[in-house]
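A short write-up of the structure that comes next.
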Amino acid sequence: MELYVSSLSDRASDKATHQIYAIKHVIPDNEGLAITSFREIEILLSIDHPYIAKLIEVVTGRKGVFLVLEYGGRDLAYLYDSSASRASLLHHPSPTLYTEIQIKKFIRDLLRAVAYLHQQGIIHRDLKLSNLLIDEENNLKLCDFGLARRYARILTPNVVTLWYRAPEILLGCRDYTQAIDMWSVGCIFAEMLNNGKPILPGNNEADQFQLICKLIGEPNENIWPRYAEIRHSFSVPRNPYNTLNLLFSNYSHECLDFLNSLLVWDPSKRLTASEALLNSYLAY
Numbered sequence: 001m002e003l004y005v006s007s008l009s010d011r012a013s014d015k016a017t018h019q020i021y022a023i024k025h026v027i028p029d030n031e032g033l034a035i036t037s038f039r040e041i042e043i044l045l046s047i048d049h050p051y052i053a054k055l056i057e058v059v060t061g062r063k064g065v066f067l068v069l070e071y072g073g074r075d076l077a078y079l080y081d082s083s084a085s086r087a088s089l090l091h092h093p094s095p096t097l098y099t100e101i102q103i104k105k106f107i108r109d110l111l112r113a114v115a116y117l118h119q120q121g122i123i124h125r126d127l128k129l130s131n132l133l134i135d136e137e138n139n140l141k142l143c144d145f146g147l148a149r150r151y152a153r154i155l156t157p158n159v160v161t162l163w164y165r166a167p168e169i170l171l172g173c174r175d176y177t178q179a180i181d182m183w184s185v186g187c188i189f190a191e192m193l194n195n196g197k198p199i200l201p202g203n204n205e206a207d208q209f210q211l212i213c214k215l216i217g218e219p220n221e222n223i224w225p226r227y228a229e230i231r232h233s234f235s236v237p238r239n240p241y242n243t244l245n246l247l248f249s250n251y252s253h254e255c256l257d258f259l260n261s262l263l264v265w266d267p268s269k270r271l272t273a274s275e276a277l278l279n280s281y282l283a284y
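FYI, UniProt numbering numbers position 60 of the sequence shown as 60, with every residue one higher than the one before it.
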């Protein structure tokens, strides 16, 4: 494959077919490629799913390693930000970018990708709007496996973008499971229902924990038995109430029940990706 790299550093086209590809440049340090880069390449080479951006080729050169990936369009964070920026320039309120029917379709597609990964023993560990690509026909592709790894009994807690980080990671648990991805799916779903505005935009880990407490109520050992064993330094605001229903009062009980089954303190009580796909709310 002979590629022409345009002025856009993240895209290239095949000189023969003019097919557009996404390019990810992996720059080695003095000791070579980081272990996370090797993991990312190994995982991408081992998976194949219609809702995951496919690795086409790995190209090595003097300036590092280039991953040639299926081009999936623009990411959802960019699409929401662009829509809001255009409205702001015109002094208009931000329009609703996607209908609830479209959002359900995107969440179904994301869950299919996540269910596939979990069946392969892989945790993505960085699900967020900017890692979901949408093309002109509203097809979704999950991308960026830089933090992904295969499930192990002990894992590093320094993962997942803060606003999408599950409470067990915030609290320092290292034996977390695929359930961390499902918390992130819940954050993505809520953000889309909120027209792209984040629901948990913490400034740091302590602030993030406080925001979660204010949104779904403070944790205790009755709703999360293991919480009693976890030692942490975060202050816990007094809030026994879940306020998701107030934030999304315009949506149906079925919608809110689905959201509440994802944003749950106890990871063992969160829906799995396969269970979520069977939820009646996502039915066609």
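In this text, a Cβ means the ideal position worked out from N, Cα and C, and glycines have one as well. The structure displayed is predicted, hence computed values, not measured ones.
Within the same chain, Cβ atoms closer than 8 Å to the Cβ of Arg108 are found at Leu277 and Leu282, the five residues on either side in sequence being excluded.
Counting C-beta pairs with one atom in each stretch, the stretch 163-180 and the stretch 66-80 have fewer than three that are closer than 8 Å, which means they do not touch.
As the crow flies, the alpha-carbon of Pro219 is around 10 Å from that of Arg238. Note: Tyr21 is bridge-paired with Ala12 and Glu70 in the DSSP secondary-structure output.
In the displayed model, Gly196 falls within coil according to three-state DSSP, outside both helix and strand. Leu97 is positioned such that its CB atom lies no closer than 9 Å to that of Ser85.
The three-state reading of DSSP puts Lys141 in strand, counting E and B together. Collapsing the DSSP output to three states places Val185 in a helix.
Around the beta-carbon of Phe38, fewer than 16 other beta-carbon atoms lie within 10 Å, marking it exposed. In terms of CA proximity to Cys187, Val264 leads the group Asp207, Val68, Val264 and Tyr227. Per the DSSP secondary-structure output, Gly61 pairs in a beta bridge with Gly64. A straight-line Cα-Cα distance of about 34 Å links Trp163 and Thr60. Cα atoms of Tyr116 and His49: separation of roughly 8 Å, rounded to the nearest angstrom.
When rounded, the separation of the alpha-carbon atoms in Lys141 and Ser233 is 38 Å. If you look at Leu211, you'll find it in the alpha helix (DSSP H) that goes Glu205 to Ile216. If only complete runs of 3 or more residues are kept, the stretch 106-183 shows the beta strand (DSSP E) at 132-134 and 140-142, in order along the chain.
When DSSP assignments are scanned along the stretch 228-256, no uninterrupted stretch of beta strand (DSSP E) that is 3 or more residues long falls wholly within it. Shown here, Asp266 sits in coil according to DSSP, grouped into three states, outside any helix or strand. Where Asp48 is concerned, there is no enclosing alpha helix (DSSP H), because DSSP gives it neither an H nor an E.
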